[in-house]
Amino acid sequence: MDYGKAFSFVFDDEAWISKVIIGGLLTASFILIIPVFIVLGYSEQVAKRAMLGEKGLPEWKDWGDLLKRGFSLSVVFFVYMIPAYVFILIPVIGLFVLGAAADGGGSDALGGLAVLLILMAYAVFFIFIMLFNLLMPAIVAQFVRTDSIGETLNILNLFTVVKNNFVNILILVAFSMVAGFVAQIGLIACFIGVFFTGFYAQLMLYNLYGQFAKTVEEEKTIGSEQPSEA
2 MDYGKAFSFV FDDEAWISKV IIGGLLTASF ILIIPVFIVL GYSEQVAKRA
52 MLGEKGLPEW KDWGDLLKRG FSLSVVFFVY MIPAYVFILI PVIGLFVLGA
102 AADGGGSDAL GGLAVLLILM AYAVFFIFIM LFNLLMPAIV AQFVRTDSIG
152 ETLNILNLFT VVKNNFVNIL ILVAFSMVAG FVAQIGLIAC FIGVFFTGFY
202 AQLMLYNLYG QFAKTVEEEK TIGSEQPSEA
């Protein structure tokens, strides 16, 4: 994968300034919810173009399709994060139960149990977050390759992609941290700048996800062309 290209591909588009401005303004409008899906759909198209070897940025058109793609990818993210959400709810429910039980006495012991429950739940939540970050490149790659929520939620296929490309995925996870640093640069200039640098950082990352999807697709093609053993 060409990591340097992830930094520079945006500037290969003659209209990159206007396209980044639109993306930054939509990112700044995240409180309206819908722009979040549109930006994610646009990022998915960036990944698809990278997979297909197309240069430049997608056009800001057919916003309905961008919204649909972004929402679909968000559904995939949500489903994979359900275990983490469950472990966040456990301490909340536990606190209500223990709070009711504390009315009958033994509040000190129950308070200690509540703290332990919260710590354990958040420890497991952190593990799930780390696992999700590890799966993220494969999740996006599968969605970009298949355009299917069902195929992307096929956990066996997903783990196969991770197993066959583990080193590349570790590098992508490390690169996502670099992208996060780039996103924060906007805070140095002024607060509003973070939305534009954040959008640029997301484009960088999804360009790499697209390159990764191309690698996965090529591996699948090579595998299908190999003659099976008698």
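Numbered according to the working numbering, the sequence shown terminates at residue 231, and the numbering increases by one at each position without gaps.
We put the beta carbon where it would ideally sit given N, CA and C, even for glycine.
The straight-line gap separating the alpha-carbon atoms of residue 65 and residue 122 is approximately 39 Å. In terms of Cβ geometry, residue 129 and residue 92 do not form a close pair [threshold 8 Å].
Less than 8 Å separates the beta-carbon of residue 71 from that of residue 38. Annotated three-state conformation of residue 25 is helix, per DSSP. Using a Cβ-Cβ distance cut-off of 8 Å, the segment 3-10 and the segment 191-209 are in contact, since at least three pairs of beta carbons, one from each stretch, lie closer than that value. The C-beta distance from residue 142 to residue 217 rounds to 5 Å, short enough to fall under 8 Å. Cβ atoms of residue 197 and residue 25 come within 8 Å of each other, at about 3 Å. Within the segment 98-182, there are no complete beta strand (DSSP E) runs of at least 3 residues.
Taking a contact as a CB-CB distance under 8 Å, the pair residue 80 and residue 154 counts as one, their CB atoms being some 6 Å apart.
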